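Undergrad: Below is a structure I'd like to ask you about.
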Amino acid sequence: MGIIKDVQADKEKESLNLFQSTQTIIKEALNKLGYSEEFFELLKEPVRMLTVRIPIQMDDGSVKVFTGYRSQHNDAVGPTKGGVRFHPEVSEDEVKALSIWMSLKCGIVNLPYGGGKGGIICDPREMSLKELERLSRGYVRAVSQIVGPTKDIPAPDVFTNSQIMAWMMDEYSRLREFDSPGFITGKPLVLGGSHGRETATARGVTICIEEAAKKKGISLAGARVVIQGFGNAGSFLAKFMHDAGAKVIGISDAYGALYDADGLDIDYLLDRRDSFGTVTTLFTNTITNKELLALDCDILVPAAISNQITAENAHQIKASIVVEAANGPTTIEATRILTERGVLLVPDVLASAGGVTVSYFEWVQNNQGYYWSEEEVAERLQKVMVDSFENTFQTALVHNVDMRLAAYMIGSRKMAEASRFRGWI
Ligand SMILES: NC(=O)C1=CN([C@@H]2O[C@H](COP(=O)(O)OP(=O)(O)OC[C@H]3O[C@@H](n4cnc5c(N)ncnc54)[C@H](O)[C@@H]3O)[C@@H](O)[C@H]2O)C=CC1
Ligand SMILES: O=C(O)CCC(=O)C(=O)O
Numbered sequence: 001m002g003i004i005k006d007v008q009a010d011k012e013k014e015s016l017n018l019f020q021s022t023q024t025i026i027k028e029a030l031n032k033l034g035y036s037e038e039f040f041e042l043l044k045e046p047v048r049m050l051t052v053r054i055p056i057q058m059d060d061g062s063v064k065v066f067t068g069y070r071s072q073h074n075d076a077v078g079p080t081k082g083g084v085r086f087h088p089e090v091s092e093d094e095v096k097a098l099s100i101w102m103s104l105k106c107g108i109v110n111l112p113y114g115g116g117k118g119g120i121i122c123d124p125r126e127m128s129l130k131e132l133e134r135l136s137r138g139y140v141r142a143v144s145q146i147v148g149p150t151k152d153i154p155a156p157d158v159f160t161n162s163q164i165m166a167w168m169m170d171e172y173s174r175l176r177e178f179d180s181p182g183f184i185t186g187k188p189l190v191l192g193g194s195h196g197r198e199t200a201t202a203r204g205v206t207i208c209i210e211e212a213a214k215k216k217g218i219s220l221a222g223a224r225v226v227i228q229g230f231g232n233a234g235s236f237l238a239k240f241m242h243d244a245g246a247k248v249i250g251i252s253d254a255y256g257a258l259y260d261a262d263g264l265d266i267d268y269l270l271d272r273r274d275s276f277g278t279v280t281t282l283f284t285n286t287i288t289n290k291e292l293l294a295l296d297c298d299i300l301v302p303a304a305i306s307n308q309i310t311a312e313n314a315h316q317i318k319a320s321i322v323v324e325a326a327n328g329p330t331t332i333e334a335t336r337i338l339t340e341r342g343v344l345l346v347p348d349v350l351a352s353a354g355g356v357t358v359s360y361f362e363w364v365q366n367n368q369g370y371y372w373s374e375e376e377v378a379e380r381l382q383k384v385m386v387d388s389f390e391n392t393f394q395t396a397l398v399h400n401v402d403m404r405l406a407a408y409m410i411g412s413r414k415m416a417e418a419s420r421f422r423g424w425i
């Protein structure tokens, strides 16, 4: 009985609370850089957090009230930026943590933004298009006081897409009575979206995988890749890995996972997946998400939700490279275990920054009213990601820390210096 209790206590100690563990790493990063306690006091919490209640008329005539959030972590560097998530498990703490990661991401890839994030507790898989449109517009009306093209610029995240961005942009433009494409990114091309935004997160992850493989002396041709999640990030990544000659042997979604040691037929799966990134429900011979993570492979990419690699399963991970496309998939304790085992872990705040980088390109194009070709976007993204990877890798070497702490040091330093120059500290 005593032993069972201790195991339980250990699990709780590992802290699956993303917000607390993010604070812990920021503190460590600022300490390493020699910043005083005041800097931690400023960066440990978002500067602004709005909770909204959104009444929506459902198709059956009833009214349902949804809870939503918008968190703005730090606006010393510039306007805040970050996606809006529609998911049943959205919570205040999760949105806060996600907004801190956005600040770090923007610092790591050197964008002129602070971090923001939003979320609504809902399950879009169970809502009609009309209900989703009313909810998207209702959210914009509810948070309109604190968002805007030079204040806080939303974008897509889990279970939100370019259609939802279009409704949100339209609602904001109606409220302000002028067309405001720069209010939101991830829009359809015809409404001022950017070439390459839809695939940007996966492109950024691909570039990180290429750089990590070079460091590990692994050739991508023939490398065995496992990807958790088959939505925007995971599905395009599967395609890019397949095109690079890698063998994608496992993929998953919220309902299960598919495995084939000879490589899955990615084009077929892409063709059959639905708009929520679901494809495994079409098959009977599935494995679980837990089994997927433990598959024998060279490269593992969590590209779904948070807290997937924990102290419980970190020892079972067989990959020598883990690249985090998802936000927060690995706990602090699991990061320590993987690093001790010699696994090269490329952290979320670097690996998934391709999305916000092309969102920045979209915002720049909206502001200047002049649009770039697909090649121009791809070339600029390539440079940003390669430089940021190398900067983080070298920082980790120089300070003898893992890449997550190195990335946090780079991101935190930018916010700390901007706050200092503004005279806040
Ligand atoms: N879309 C973007 O531009 C960016 C996304 N990310 C992160 O990448 C991750 C995935 O995002 P997207 O691909 O955009 O979302 P998405 O909504 O397009 O796809 C999510 C995928 O995860 C799966 N999933 C959902 N719940 C799951 C569960 N409990 N277990 C296993 N799989 C589950 C879904 O079935 C789907 O395949 C998230 O952590 C997101 O924050 C990070 C940066 C940018
Ligand atoms: O594209 C953006 O502005 C933000 C994307 C995002 O939410 C993320 O990187 O987690």
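The numbering of the sequence shown is the working numbering, which starts it at 1 and goes up by one. Just so you know, even glycine gets a beta-carbon here, dropped at the ideal spot from N, CA and C. Please read these numbers as outputs of a predicted model, since none were measured by experiment.
Touching or not, the region 58-76 and the region 317-325, by the rule of three or more beta carbon pairs under 8 Å?
TA: Counting Cβ pairs under 8 Å, fewer than three are found: no touch.
Undergrad: Is DSSP giving residue 412 helix, strand or coil here?
TA: Here residue 412 refers to the residue found at position 412 of the sequence shown. Residue state, collapsed to three classes: helix.
Undergrad: Can you check whether the CB of residue 114 is closer than 9 Å to the CB of residue 80?
TA: Indexing the sequence shown from 1 puts residue 80 at position 80. Indexing the sequence shown from 1 puts residue 114 at position 114. It is a contact, given that the beta carbons lie within the stated cut-off.
Undergrad: Which residue marks the beginning of the beta strand (DSSP E) containing residue 242, and which one marks its end?
TA: Sequence index remark: in the sequence shown, residue 242 carries index 242 (1-based). From DSSP, residue 242 is part of no beta strand (DSSP E) but of the alpha helix (DSSP H) over 232-243.
Undergrad: On the CB-based measure, 16 or more other CB atoms within 10 Å of its CB, does residue 459 come out buried or exposed?
TA: One cannot answer for residue 459 here, as it falls past the ends of the chain, which runs 1 to 425.
Undergrad: With a 10 Å radius around its C-beta and 16 neighbouring C-beta atoms as the bar for buried, classify residue 268 as buried or exposed.
TA: Counting from 1 along the sequence shown, the entry for residue 268 is found at position 268. Label assigned to residue 268: exposed.
Undergrad: How many angstroms separate the CA atom of residue 120 from the CA atom of residue 126?
TA: By one-based count along the sequence shown, residue 120 stands at place 120. By one-based count along the sequence shown, residue 126 stands at place 126. Approximately 14 Å between the Cα atoms of the pair.
Undergrad: Check whether chain D comes within 9 Å of residue 180, counting only Cβ atoms and requiring the distance to be less than that.
TA: No chain D appears in this structure, which consists of one protein chain only.
Undergrad: What residues are listed by DSSP as bridge partners for residue 182?
TA: In the sequence shown, the residue the question calls residue 182 occupies position 182. In the DSSP output, where bridge partners are listed per residue, residue 182 has none listed.
Undergrad: Among 153, 412, 273, 417, which has the Cα closest to the Cα of residue 101?
TA: The residue labelled residue 101 in the question sits at position 101 within the sequence shown. Among 153, 412, 273, 417, the Cα nearest to that of residue 101 belongs to 412.
Undergrad: Tell me the residue span of the beta strand (DSSP E) that contains residue 67.
TA: Walking along the sequence shown from the start, residue 67 turns up at place 67. Residue 67 -> beta strand (DSSP E) spans 63-74.
Undergrad: State the DSSP-derived secondary structure class of residue 315, mapped to helix, strand or coil.
TA: As a first step, residue 315 is located in the sequence shown; it is residue number 315 there, counting from the start. Residue state, collapsed to three classes: helix.
Undergrad: Between 58, 53, 18, which lies nearest to residue 45 when the distance is taken from Cα to Cα?
TA: As a working mapping, residue 45 is identified with position 45 in the sequence shown. Nearest C-alpha to residue 45: 18.
Undergrad: What is the chain-ordered set of residues for which the beta carbon lies under 5 Å from any non-hydrogen atom of ligand 2?
TA: Working through the chain, the matches are 81, 82, 83, 155, 157, 355, 356, 359.
Undergrad: Between the beta-carbon of residue 266 and the beta-carbon of residue 213, is there less than 9 Å?
TA: Here the question's residue 266 lines up with position 266 in the sequence shown. Here the question's residue 213 lines up with position 213 in the sequence shown. No.
Undergrad: Taking the alpha helix (DSSP H) that residue 127 falls in, what are its first and last residues?
TA: Position 127 of the sequence shown, counting from 1, holds the residue named residue 127. Per DSSP, residue 127 belongs to no alpha helix (DSSP H) and is neither H nor E.
Undergrad: Assuming residue 204 and residue 354 make a contact with CB atoms under 8 Å, what is their CB distance in whole Å?
TA: Along the sequence shown, read from residue 1 onward, the residue named residue 204 stands at position 204. Along the sequence shown, read from residue 1 onward, the residue named residue 354 stands at position 354. Yes, they are in contact, since the Cβ atoms of residue 204 and residue 354 sit about 2 Å apart, within 8 Å.
Undergrad: Counting only runs of 4+ residues fully inside the region 76-128, write out the alpha helix (DSSP H) ranges in chain order.
TA: Counting only runs of 4 or more, we get 92-108.
Undergrad: Is any heavy atom in ligand 1 found nearer than 8 Å to the beta carbon of residue 347?
TA: Looking up residue 347 in the sequence shown gives position 347. Not under cutoff, so the answer is no.
Undergrad: Return yes when the Cβ of residue 257 is within less than 9 Å of the Cβ of residue 281, no when it is not.
TA: Here residue 281 is taken as the residue at index 281 of the sequence shown, counted from 1. Here residue 257 is taken as the residue at index 257 of the sequence shown, counted from 1. Cβ distance not < 9 Å, so residue 281 and residue 257 don't count as in contact.
Undergrad: Kindly confirm or deny that the region 137-145 and the region 239-255 touch, where touching means at least three C-beta pairs closer than 8 Å.
TA: The region 137-145 is not in contact with the region 239-255.
Undergrad: Do you know whose CA, among 55, 47, 135, lies nearest residue 87's CA?
TA: Position 87 of the sequence shown, counted from the first residue, corresponds to residue 87. Out of 55, 47, 135, 135 has the C-alpha closest to the C-alpha of residue 87.
Undergrad: Could you give the C-beta distance for residue 220 and residue 246, rounded to a whole number, given that I count them as a contact under 8 Å?
TA: Mapped onto the sequence shown, residue 220 falls at position 220. Mapped onto the sequence shown, residue 246 falls at position 246. Right, their Cβ atoms sit about 5 Å apart.
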